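Numbering-wise, the sequence shown is residues 4 to 341 according to the numbering used here.
For glycine and all other residues, C-beta sits at the position ideal for the given N, C-alpha and C.
These numbers were taken from a predicted model, which means no experiment stands behind them.
Everything below concerns the one structure shown next.
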Amino acid sequence: MDTERLSAKDIQQAARIVASGGLLGIPTETVYGLGANGLDEAAVHAIFEAKGRPQDNPLILHIPSADWLERYCGEIPETAWALARRFWPGPLTMILKRKPIVPDAVTAGLDTVGMRCPDCAVTRQVIAAAGVPVAAPSGNASGRPSPTTAAAMLEDMDGKIDAILDDGACAVGVESTIIDLTVDPPRLLRPGGVTLEELEEALGEVAVDEAVRRLMAPGEQPKAPGMKYRHYAPKAPVTVVKGDADMTAGYIVARMGDKSGVICFDEFKGYFRGHPVETIGPRADQAEQARRIFEALRAFDRLEVTDIWAQSPEDIGLGLAVTNRLNKAAGFHIIELP
Ligand code: AMP
Ligand code: MG
């Protein structure tokens, strides 16, 4: 099929594609998503097909405002309304009890559903005009880095979806934070644009799922099924080096091969002359690192490199989300300097 390029003026056309069971690339503040009518079982199956996504990995339902929550969720705790008031529209997905109207294909058979209201006006308008929630995972082919521009999404999805709505580059750059509100204390399943520290301020105690910080052993079941999969990985193997930035740069220089690529902070670009280098922003600018990490990982698939070395940001604040994506891209191959 030909994938149509739409823009913000084409909201009605985009809404018609969703309402009639088609596949639509949607911009959000986090990453581009692969959207379809979340109440239409066949349309949802088409998302899994286009991505090559494992069937046991559920999707997130996107809604234009918090007052749609009760259509799809039951037993909504007061904390959900409080988080919605504080962080929506924004990069926060809440896991809640689902109502029977939500198809099994969306939730992979779980009795819970992930709900999010994205901070992207055109996408909220498309959802409202379609009159149905939009189920969407990230718009990459399964396993690849998530797309933060329409062009990146088209690398994976051109010809496989009906249309993509281009609204420019994503402002956050990593996927939404996922918080499970069906357990006590609430549990962070995936770090993202809303930080753990912000959630703790709003909720008090927050548990952090093991899958955030380490590789799941074969057979282990993380609470967010998606966290067990190899993800975000470029073709060449990645090694993450953690520690003081001057030390990690020196460590990488001493060990890199002729055809090694490097992901580093802007300040250290000069250390790696003659090598393919992707910078992710100044070492102190976590927001910029979040915006650039996926494009950096994607860039190496367009280059000839044997392996990739990466300087690790600190895992506090937004850095927890950036290091989680980088560590997953590396299959948790991490070297910690003293
Ligand atoms: P993506 O944003 O493409 O990474 O896909 C959505 C993520 O949300 C995946 O990691 C899923 O495993 C997770 N997710 C969606 N629904 C649920 C749910 N009901 N319970 C736990 N995790 C979920
Ligand atoms: Mg994804």
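Residue i to residue j, Cα distance in whole Å?
i, j, result
"P316", "P30", "26 Å"
"G112", "A138", "15 Å"
"P189", "R217", "19 Å"
"A293", "V105", "32 Å"
"V244", "L26", "39 Å"
"A87", "D169", "26 Å"
"R8", "A18", "14 Å"
"A302", "L329", "14 Å"
"G229", "Y75", "21 Å"
"K226", "K238", "27 Å"
"M156", "R147", "10 Å"
"T309", "H278", "11 Å"
"G77", "L99", "7 Å"
"P80", "T180", "18 Å"
"Q15", "G176", "26 Å"
"C123", "D261", "43 Å"
"A153", "E52", "20 Å"
"D183", "A210", "10 Å"
"I20", "S145", "23 Å"
"I50", "M250", "44 Å"
"A205", "E213", "21 Å"
"I186", "L306", "The question names Ile, yet the displayed sequence has Val at residue 186. About 44 Å."
"I319", "M4", "44 Å"
"H336", "V215", "14 Å"
"I167", "T6", "7 Å"
"A248", "A45", "49 Å"
"Q289", "I296", "10 Å"
Tell me, please, which residues DSSP counts as bridged to residue i.
i, result
"T185", "Answer is none; T185 lacks a bridge partner."
"Q314", "V244"
"G28", "L37 and I167"
"L191", "I182 and V211"
"L9", "L168"
"I63", "G117 and A139"
"I266", "E281 and A313"
"G77", "K100"
"E339", "K245"
Is residue i near ligand 4 - that is, is its Cβ less than 8 Å away from at least one heavy atom of it?
i, result
"H48", "In terms of ligand content, the structure shown lacks ligand 4 and carries ligand 1 and ligand 2 instead."
Just to confirm, is the Cβ distance from residue i to residue j under 9 Å?
i, j, result
"V241", "Q314", "no"
"D114", "R101", "yes"
"V91", "C120", "The question names Val, but residue 91 in the sequence shown is Trp. Cβ distance < 9 Å, so W91 and C120 count as in contact."
"S263", "I311", "yes"
"Y235", "L191", "no"
"F271", "R286", "yes"
"P67", "A131", "yes"
"P341", "G246", "yes"
"G41", "P136", "yes"
"T33", "E203", "no"
"Y35", "T151", "yes"
"L64", "G117", "yes"
"T96", "R193", "yes"
"Y232", "P61", "no"
"G142", "G28", "yes"
"P94", "G195", "yes"
"M160", "L323", "no"
"I283", "D269", "yes"
"A11", "V125", "yes"
I'd like the span of the beta strand (DSSP E) that includes residue i, first residue to last.
i, result
"K100", "L95 to R101"
Can you give me the start and stop residues for the alpha helix (DSSP H) that residue i sits inside?
i, result
"T126", "A124 to A133"
"I20", "I14 to A22"
"T110", "D107 to T110"
"I296", "Q289 to A302"
"L202", "L199 to L206"
"M230", "Counting along the chain, M230 falls outside any alpha helix (DSSP H), and DSSP gives it neither H nor E."
"K331", "G322 to A332"
"M4", "Premise fails: M4 is in no alpha helix (DSSP H) and is neither H nor E."
"L157", "A153 to M160"
"A46", "E44 to K54"
Exercise answer, beta-carbon shell around ligand 2 heavy atoms below 7 Å: P140, S141, N143, S149, E178, G229 and H234
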